[in-house]
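Numbering of the sequence shown is given in UniProt numbering, commencing with residue 1 and proceeding in unit increments.
Beta carbons are placed, not taken as given, at the ideal position from N, Cα and C, and that holds for glycine.
Since this is a predicted model, take the numbers as computed values, not measurements.
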Amino acid sequence: IPSVSSIVPESCLLIVVGLLVGGLIKGVGEKPPILKSDIFFLFLLPPIILDAGYFLPLRPFTENLGTILIFAVVGTLWNAFFLGGLMYAVCQLGGPGLNHIGLLANLLFGSIISAVDPVAVLAVFEEIHINELLHILVFGESLLNDAVTVVLYHLFEEFASFEQVTILDIILGFLSFFVVSLGGVLVGVIYGVIAAFTSRFTSHIRVIEPLFVFLYSYMAYLSAELFHLSGIMALIAAGVVMRPYVEANISHKSHTTIKYFLKMWSSVSETLIFIFLGVSTVAGHHYWNWTFVISTLFFCLIARVLGVLVLTWFINKFRIVKLTPKDQFIIAYGGLRGAIAFSLGYLLDYKHFGMRDMFLTAIITVIFFTVFVQGMTIRPLVDLLAVKKKQETKRSINEEIHTQFLDHLLTGIEDICGHYGHHHWKDKLNRFNKKYVKKCLIAGERSKEPQLIAFYHKMEMKQAIELVESGGIGKIPSAVSTVSIQNINPQTLPLERVLPALSKDKEEEIRKILRTNLQKTRQRLRSYNRHTLVADPYEEAWNQMLLRRQKARQLEQKMNNYLTVPAHKVDSPTMSRARIGSDPLAYEPKEDSENLPIITIDPASPQSPESVDLMSEEPKGCSGLPPSPEEDEEGLVMRVKEPSSPGTDDVFTPGTSDSPSNQRMLRCLSDPGPRPEPEEGEPFIPKGQ
1 IPSVSSIVPE SCLLIVVGLL VGGLIKGVGE KPPILKSDIF FLFLLPPIIL DAGYFLPLRP
61 FTENLGTILI FAVVGTLWNA FFLGGLMYAV CQLGGPGLNH IGLLANLLFG SIISAVDPVA
121 VLAVFEEIHI NELLHILVFG ESLLNDAVTV VLYHLFEEFA SFEQVTILDI ILGFLSFFVV
181 SLGGVLVGVI YGVIAAFTSR FTSHIRVIEP LFVFLYSYMA YLSAELFHLS GIMALIAAGV
241 VMRPYVEANI SHKSHTTIKY FLKMWSSVSE TLIFIFLGVS TVAGHHYWNW TFVISTLFFC
301 LIARVLGVLV LTWFINKFRI VKLTPKDQFI IAYGGLRGAI AFSLGYLLDY KHFGMRDMFL
361 TAIITVIFFT VFVQGMTIRP LVDLLAVKKK QETKRSINEE IHTQFLDHLL TGIEDICGHY
421 GHHHWKDKLN RFNKKYVKKC LIAGERSKEP QLIAFYHKME MKQAIELVES GGIGKIPSAV
481 STVSIQNINP QTLPLERVLP ALSKDKEEEI RKILRTNLQK TRQRLRSYNR HTLVADPYEE
541 AWNQMLLRRQ KARQLEQKMN NYLTVPAHKV DSPTMSRARI GSDPLAYEPK EDSENLPIIT
601 IDPASPQSPE SVDLMSEEPK GCSGLPPSPE EDEEGLVMRV KEPSSPGTDD VFTPGTSDSP
661 SNQRMLRCLS DPGPRPEPEE GEPFIPKGQ
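Now the structure itself:
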């Protein structure tokens, strides 16, 4: 029924089928089966996680690993403690039916219900075909938050049996997170390497090649669960590590078998999980408390939205491609809960947690709300918000060449900058992989084959299979490229071009030039990134020096303003010449004017105050003699300035006014009264004139 499946997700329909089957079984008087946690964790969950890990899109996953980890670790911790703390407050205020639930029980409940479920996310997000970035962010979070959930679950379960929890227990619990997550990854890497090494020797028995992939992956999961490590992270690590080496060793038929068997196995597990969820809802014991259930549902939504908004605001400070408000809404809305929360709740012991039935009822309510309401409405919302959809495009040789070129280019730019970034470490890992790991884990000549050629061979094989399946076998010579025809009919290889031989001295000279010029790049340049540029060590010293110079200049300007006589307004050159020409006697020196102040004027160029030179100015009040009436009448006498002799410097030649007695007289004449500050520029009469 296409009209139903386009509106209702498959997971919702399967739960409805489970509810009908459970009701039917109960109606005929039989006891319906319940989804036991052992069956779920040991048999139903591993195929789904292995399928997700083995076919994980590695490039977008590694490029967004920091964002995924922040959402998975910090986001899950925030959800668990925020929800647990608020539910404890609700229990204290909720009346007699909830008062007995303590803080530890509520924190345990918060840790169970806070984790996003990978099964539910896969079931819904693969149907709406969301873009790759959002899909990998939500799905990656659902995979990696398993470590946090496992740690918090076992931690609070252990604390419930303690009489008193000490600070040491809390510190050890915090450290156990790193042990569980990194230990799970390490177990997965070890089994992945063993699987890749084993596949190197299976060329004569191709039938059992897929078996090794499933066997080692399942052993990685069981080994991790045996030591209470994260089995999900072990499976993901094993799938990611083994895939490139296993696919280089196994035959194409084995590769097809692995691909379709994993898809079928994970699909069957997913179907059984959702059907059993419906059956268990009918069959299980329930204790309904309106206050507890509604509060759980409301606080789950609030915690998810707040966590995504705050974490995205922080993450966007460091991301080049920012997460838009639409992206944030889809990430918050896509936080679906599923069967993992139900199974963890089912595992609780009645002895320590007498309220287990109420917890299970609340968990099932949250699962049904997220899967039905959010799962059914996310597709219309994606269409309404015009969120970018996934582009179904086939990879081409052109795209592969440009991707590799950009990787090399960005690595080179980081190398020149001295910045150890994402591309630098990726390049280091690729070099190590090519030099050592491939030689050990890949058989034959394939270990030395460049990545581009390997990709080309894979595309040629795929094209040939599609051609055969479409019935176009007779068109092979025209359809398959000339390179493939050359591979079918090998020709004699042309002789290699002979390179001119270099003498040892010349070669050593070239090496010396390269060594001296290329190896100093990292030593010479300081590292920087686009957020924090390294400050120039001399910048502060320069700033201090400039400040000192500015202060000295301001002080000198103030001193000059107070220690000099304000200059009179200078006439224009034409007026000065006219005045001197009309009355030359007025400007000639008089015989008895020895003690009078004398001002000399250069009539040739009286354009600026520098042309007025204070030669001698003895104040009448400071000379010690009473002023005579003639002096009062005569006033100041102006004298024409004599032309300076060639070779003398007007600025540095000491004048008569530079003597100490004249300086003292200038101070007597200075007017220290209030006066508006002069504008920036030279003082009225420059010092030294």
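Straight-line spacing of the CA atoms in K36 and L347 works out to 8 Å. For V119, the enclosing alpha helix (DSSP H) has its first and last residue at 118-128. Annotated three-state conformation of K388 is coil, per DSSP.
The C-alpha of L155 lies about 46 Å from the C-alpha of T393.
Note that the region 326-345 touches the region 295-308; at least 3 beta-carbon pairs, one per stretch, sit closer than 8 Å.
Within the region 391-427, the runs of alpha helix (DSSP H) at least 4 residues long that lie entirely inside it are, in chain order, 397-417. In terms of CA proximity to G284, G22 leads the group G22, Y420, P9, K263. The region 178-193 makes no contact with the region 101-113: fewer than 3 CB pairs, one atom from each, lie closer than 8 Å.
Per the coordinates, the alpha-carbon of P2 lies some 11 Å from the alpha-carbon of E10. For R356, the enclosing alpha helix (DSSP H) begins and ends at 356-368. In terms of Cβ geometry, A120 and V371 form a close pair [threshold 8 Å]. Counting only runs that start and end inside the region 285-355, the alpha helix (DSSP H) elements of at least 4 residues fall at 290-315, 325-333, 339-346. Close CB contacts of V366 within its chain, under the 7 Å cut and outside five residues either way in sequence, are with I113, T296, L297, C300, R337 (chain order). For the options L384, F55, A454, F41, the alpha carbon positioned closest to that of V213 is the one of F55.
A check of alpha carbon separations from E30 across G239, V17, V279 identifies V279 as the nearest. In this structure, DSSP gives Y245 a helical state, which the three-state scheme calls helix. When the alpha-carbon of M355 is set against those of H255, Y153, N289, G239, the nearest one is in N289. For R243, the number of other beta carbons within 10 angstroms of its own is at least 16, and it is reported as buried. For E163, the three-state secondary structure derived from DSSP is coil. By the neighbour-count definition (other C-beta atoms within 10 Å, threshold 16), Y562 is an exposed residue.
Rounded to whole angstroms, the separation of the alpha carbons of L98 and A89 is 10 Å.
Contact check for V150 against S223 fails: the beta carbons are separated by 8 Å or more. Judged by their CB atoms, E132 and K322 are not nearer to each other than the 8 Å cut-off.
DSSP places S6 in no alpha helix (DSSP H); its state is neither H nor E. R511 has its alpha-carbon roughly 58 Å from the corresponding atom of E127. Between L262 and D51, the beta carbon gap of about 5 Å places them in contact (Cβ cut-off 8 Å). Here DSSP, grouped into helix, strand and coil, assigns G94 to coil. Taking N145 as the centre and dropping the five residues before and after it, the same chain places the C-beta of A72, T76, A115, V116 closer than 7 Å to its C-beta, in chain order.
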